[in-house]
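Visitor: Could you have a look at this structure, given as structure tokens, before my questions?
There are 2 protein chains.
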Amino acid sequence: MHKMAHVESPPVKGASLHPRRRVYRLSRERRVADIMDSARGVFCAKGYGDAVISEIAGQLGIVEGTIYRYFPTKRDLLIAVVEDWYRRILADYDEQLKGISGTRNRLRFLIWRHLKVIHDDPAMFRLVTGELRGGADYRTTSVYDMNRQYTKRTLAIVEEAVKSGEFRADVPLRMVRDMIYGGAEHHTWAFLRGEGDFSPDAAAEAIVGIIYRGLMGADTAPNSENGAVDAQAISRLESVARRLERVAESRDPRRGREKSRKQG
Amino acid sequence: MHKMAHVESPPVKGASLHPRRRVYRLSRERRVADIMDSARGVFCAKGYGDAVISEIAGQLGIVEGTIYRYFPTKRDLLIAVVEDWYRRILADYDEQLKGISGTRNRLRFLIWRHLKVIHDDPAMFRLVTGELRGGADYRTTSVYDMNRQYTKRTLAIVEEAVKSGEFRADVPLRMVRDMIYGGAEHHTWAFLRGEGDFSPDAAAEAIVGIIYRGLMGADTAPNSENGAVDAQAISRLESVARRLERVAESRDPRRGREKSRKQG
DNA sequence: CCCATTAATGAGTTTAACTCATTATAATGC
DNA sequence: GCATTATAATGAGTTAAACTCATTAATGGG
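Here the protein sequences line up with chains A and B, keeping their order.
Take -3 as the starting number for the first sequence in the working numbering and just add one per residue.
Take -3 as the starting number for the second sequence in the working numbering and just add one per residue.
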């Protein structure tokens, strides 16, 4: 509102006064790739908020406007950078998973892989969780889709284990997934802030251990302490029930599933 | 570098040209409280990045500079707002926890409380997770301290249950805490982005169920005071029995155990 | 070697965080 | 009730960074 006329002699808008230095032009693809490379470095080093477009341009020896030719906003640039990173990460994902068998091994691999990514590239992960995931446009992002695919594998493995009777059926699958990935992330906060370190191997093993014991049919070791009469009786019944459940489910999965489901 | 002399007649720096409207002064405390109130509303409505100081000032009928008298930066204002909110949240925390007994109940209360906070004030929670927690200054924040106190209670409850033999001893306690709070948060992401809803009660129950089964001693806690363990096992057996009865009714009752048979 | 295409420029504008010399209000002392 | 004083508040800035666009010129196809 308080714009003031400072000089009433406006030079014609794009009039050039100095000769331009020799300019080398790159193909669109090449320039875009260069910009994303540089942007990634700056975003990781400074974080999104403190990253400055002119610094990215400066690294490439180009001018800010050139970047805006390819990326309409700073945020679009961020999204492109993160999407590219995520795509690379997940490139050989299914291939690797194919080579691993057994519920426990497969589950541990998925968790370990996730933790390894965080460990290897904490700055990028921070961009995802701190900047992207909170935004209203997150769902329009391919990161969202890729992430869904990613966690869906986990759900599928747990689901299969339930069907085969390895896992109990009365457990909310979504929450299992949430606790795995949420737990992994929560576990790495301190590291992500630059405080100390963590071990992807140890953490994956810990998570898979808790989940496994939590979902396993209540197989109990024999115990003869006082009060064990009831416990043993229940344990025996649990075991019988589990066997029967398996039989019932393989006979009529539809009925079995819909009746044992409690929460969605 | 390219600052240009626009007008060579600089008016003396703070010279007043217009008479000021009548100004009412508030005490420092009162003004700070008002600013924080207003800031909270704007931050929640727009998010930190899109919130504008001048809008906060406008709501109060004051000028931007007044806000900067009390809060050196926009971020400091955010931190103050979040700290205040968090302090209120945790005010009666220990009091409430004191009235709850039994590992399972206490654990569920802590989780439920956390989920309830998210459910009741998602925008504030987003400020904490999206803006504050990622920052390098998070640890200097009292939110950090309060959060530590908060999750420490959880750890204490689990630790005690391990000592009493209710929980198994070979479990990494930190990871249990991480899976509880990380899982809770992961579970609420969609809601936090404004997609759909979630039930704090159901979610808390689901989390506590998984954790409980995962940590329960293999001997199923012979001296469990409130009988929660046995009750859970029995409840599960009852539900399985009901289900089996239903399956049996709709089938040839004389058919015994057989190998599972695949059907379409 | 021309010329159409389009990469790149550079000189802006706009917006929003932040600063500070000055003003004048409300509390204090007499 | 009046002068004094401490300080709340102002308003007119500056600065920085995202973003725009008319113009320029490098490049590759003919």
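Yeah, the Cβ is synthetic: ideal placement off N, Cα and C, and Gly gets one too.
(1) Evaluate residue 100/B with the Cβ neighbour count: other Cβ atoms within 10 Å of its Cβ, from every protein chain shown; 16 or more gives buried, anything less gives exposed.
(2) Measuring only the C-alpha atoms, how far is residue 88/A from residue 21/A?
(3) Any Cβ of chain B within less than 8 Å of the Cβ of residue 193/A?
(4) Take residue 115/B as the anchor and find which of 33/B, 80/B and 195/B has the nearest alpha-carbon.
(5) When you check each C-beta in the region 155 to 169 of chain A against every C-beta of chain B, which residues fall closer than 7 Å?
(6) Counting only Cβ pairs nearer than 7 Å, list the residues of chain B close to residue 265/A.
(7) Please classify residue 84/A: is it buried, with 16 or more other beta-carbons within 10 angstroms of its beta-carbon, or exposed?
(8) Can you grab the Cα-Cα spacing for the pair residue 78/B / residue 131/B, in whole Å?
(9) Confirm, please, whether the CB-CB distance from residue 118/A to residue 39/A is below 8 Å.
(10) Quick check on residue 194/A: does DSSP put it in helix, strand or coil?
(11) Under a three-way DSSP split, which group does residue 163/B fall into?
(12) Our contact map puts residue 75/B next to residue 137/B with C-beta atoms below 8 Å; I'd like the distance itself, whole angstroms only.
(13) Roughly how many whole angstroms lie between the Cα atoms of residue 42/A and residue 122/A?
(14) Could you tell me whether the Cβ atoms of residue 107/B and residue 180/B are closer together than 8 Å?
(15) Kindly confirm or deny that the region 191 to 205 of chain A and the region 166 to 183 of chain B touch, where touching means at least three C-beta pairs closer than 8 Å.
(16) Anyone know if the C-beta pair for residue 142/B and residue 82/B falls short of 8 Å?
(17) Report yes if the CB atom of residue 111/B is closer than 8 Å to the CB atom of residue 207/B, and no otherwise.
(18) I want to verify the contact list: residues of chain A whose CB lies under 7 Å from the CB of residue 174/B, in sequence order.
(19) Out of curiosity, what's the CA-to-CA distance linking residue 191/B and residue 62/B?
(20) Among the candidates 37/A, 65/A and 66/A, whose CA atom is the shortest distance from the CA of residue 52/A?
(21) Closest by CA to residue 25/B, which one among 189/B, 66/B, 204/B and 91/B?
(22) What is the rounded straight-line gap between the Cα of residue 57/B and the Cα of residue 49/B?
(23) Is residue 206/A close to chain B, meaning its C-beta is less than 8 Å from at least one C-beta of that chain?
(24) Just the Cα atoms here: how many angstroms apart are residue 210/A and residue 120/B?
(25) At a CB-CB cut-off below 9 Å, which residues of chain A make contact with residue 189/B?
(26) Pick from 23/B, 163/B and 172/B: whose alpha carbon is nearest that of residue 264/B?
(27) If you draw a straight line from the C-alpha of residue 294/B to the C-alpha of residue 128/A, how long is it?
(28) Could you check which residue in 92/A, 64/A, 30/A and 68/A has the C-alpha nearest to that of residue 55/A?
(29) If you measure from the beta carbon of residue 61/A to each beta carbon in chain B, is any gap under 8 Å?
(30) Candidates 193/A, 177/A, 189/A and 212/A: which alpha carbon is nearest residue 203/A's?
(31) Under 8 Å between C-beta atoms, does residue 224/B make it to chain A?
(32) Taking the alpha-carbon of residue 182/B as reference, which of 184/A, 175/A, 185/A and 183/A has the nearest alpha-carbon?
(33) Check the Cβ of residue 126/A against every Cβ in chain B and list those closer than 7 Å, keeping chain order.
Guide: In brief:
(1) In the second sequence, residue 100/B corresponds to position 104, counting from 1. Under the 10 Å beta carbon count, residue 100/B is surrounded by 16 or more other beta carbons and is classified as buried.
(2) Numbered from 1 along the first sequence, position 92 holds the residue referred to as residue 88/A. Numbered from 1 along the first sequence, position 25 holds the residue referred to as residue 21/A. The C-alpha of residue 21/A is placed about 34 Å away from the C-alpha of residue 88/A.
(3) As a first step, residue 193/A is located in the first sequence; it is residue number 197 there, counting from the start. No, no contact with chain B.
(4) Walking along the second sequence from the start, residue 115/B turns up at place 119. Checked all of 33/B, 80/B and 195/B; the closest Cα to residue 115/B is 195/B.
(5) Flagged, chain order: 166, 167 and 168.
(6) The structure shown has nothing for residue 265/A, since chain A only spans -3 to 260.
(7) What you label residue 84/A is simply residue 88 of the first sequence in a count that begins at 1. By the neighbour-count rule (16 or more Cβ atoms within 10 Å), residue 84/A is not buried but exposed.
(8) Reading the second sequence from its first residue, position 82 is the one you call residue 78/B. Reading the second sequence from its first residue, position 135 is the one you call residue 131/B. Residue 78/B and residue 131/B: Cα-Cα distance of roughly 14 Å.
(9) As a position in the first sequence, residue 39/A is number 43, starting the count at 1. As a position in the first sequence, residue 118/A is number 122, starting the count at 1. Against a cut-off of 8 Å, the Cβ pair of residue 118/A and residue 39/A comes out as no contact.
(10) Counted from its first residue, the first sequence places residue 194/A at position 198. Shown here, residue 194/A sits in coil according to DSSP, grouped into three states, outside any helix or strand.
(11) As a first step, residue 163/B must be located in the second sequence, where it is residue number 167. Residue 163/B: strand per DSSP, three-state reduction.
(12) For the purposes of this step, residue 75/B is taken as residue 79 along the second sequence, with counting starting at 1. For the purposes of this step, residue 137/B is taken as residue 141 along the second sequence, with counting starting at 1. Cβ-Cβ separation between residue 75/B and residue 137/B: approximately 6 Å, consistent with a contact (criterion under 8 Å).
(13) Numbered from 1 along the first sequence, position 46 holds the residue referred to as residue 42/A. Numbered from 1 along the first sequence, position 126 holds the residue referred to as residue 122/A. One C-alpha to the other measures close to 11 Å.
(14) Residue 107/B sits at position 111 when you count from the first residue of the second sequence. Residue 180/B sits at position 184 when you count from the first residue of the second sequence. For the pair residue 107/B and residue 180/B, the CB atoms are nearer than the 8 Å cut-off.
(15) Touching, yes.
(16) Looking up residue 142/B in the second sequence gives position 146. Looking up residue 82/B in the second sequence gives position 86. In contact: residue 142/B and residue 82/B (Cβ atoms closer than 8 Å).
(17) The residue given as residue 111/B occupies position 115 in the second sequence. The residue given as residue 207/B occupies position 211 in the second sequence. Residue 111/B places its beta carbon 8 Å or farther from that of residue 207/B.
(18) By 1-based counting over the second sequence, the position of residue 174/B is 178. In chain order: 179, 182 and 183.
(19) Working through the second sequence from its first residue, we reach residue 191/B at position 195. Working through the second sequence from its first residue, we reach residue 62/B at position 66. Whole-angstrom Cα-Cα distance: 38 Å.
(20) The count along the first sequence starts at 1 and reaches residue 52/A at position 56. The shortest Cα separation from residue 52/A among 37/A, 65/A and 66/A belongs to 37/A.
(21) Looking up residue 25/B in the second sequence gives position 29. 66/B is the residue among 189/B, 66/B, 204/B and 91/B whose C-alpha sits nearest the C-alpha of residue 25/B.
(22) Residue mapping note: residue 57/B aligns to position 61 of the second sequence, counting from 1. Residue mapping note: residue 49/B aligns to position 53 of the second sequence, counting from 1. Roughly 12 Å between the two C-alpha positions.
(23) By one-based count along the first sequence, residue 206/A stands at place 210. Using a Cβ-Cβ cut-off of 8 Å, residue 206/A counts as an interface residue toward chain B, since at least one Cβ of chain B sits closer than that to its own.
(24) To locate residue 210/A, count along the first sequence from 1; it is residue 214. To locate residue 120/B, count along the second sequence from 1; it is residue 124. Near 32 Å, if we compare the C-alpha coordinates of residue 120/B and residue 210/A.
(25) Residue 189/B sits at position 193 when you count from the first residue of the second sequence. Annotation: Cβ neighbours of residue 189/B in chain A (cutoff 9 Å, chain order): 129, 130, 131, 132, 134 and 135.
(26) Beyond the ends of chain B as shown, which are -3 and 260, falls residue 264/B; an answer cannot be given.
(27) Because residue 294/B is not part of the residues shown, which for chain B are -3 to 260, the question remains open.
(28) Position 59 of the first sequence, counting from 1, holds the residue named residue 55/A. If you compare the alpha carbons of 92/A, 64/A, 30/A and 68/A with that of residue 55/A, the shortest gap goes to 30/A.
(29) For the purposes of this step, residue 61/A is identified with residue 65 of the first sequence, where counting begins at 1. Not an interface residue.
(30) Here residue 203/A refers to the residue found at position 207 when the first sequence is read from its first residue. Here the closest residue by C-alpha is 177/A.
(31) Within the second sequence, the letter at position 228 stands for residue 224/B. The predicted position of residue 224/B is uncertain, since its pLDDT is 46 and thus under 50; no value can be drawn from it.
(32) Position 186 of the second sequence holds residue 182/B. Distances from the alpha-carbon of residue 182/B to those of 184/A, 175/A, 185/A and 183/A put 175/A closest.
(33) The count along the first sequence starts at 1 and reaches residue 126/A at position 130. In chain order: 126 and 130.
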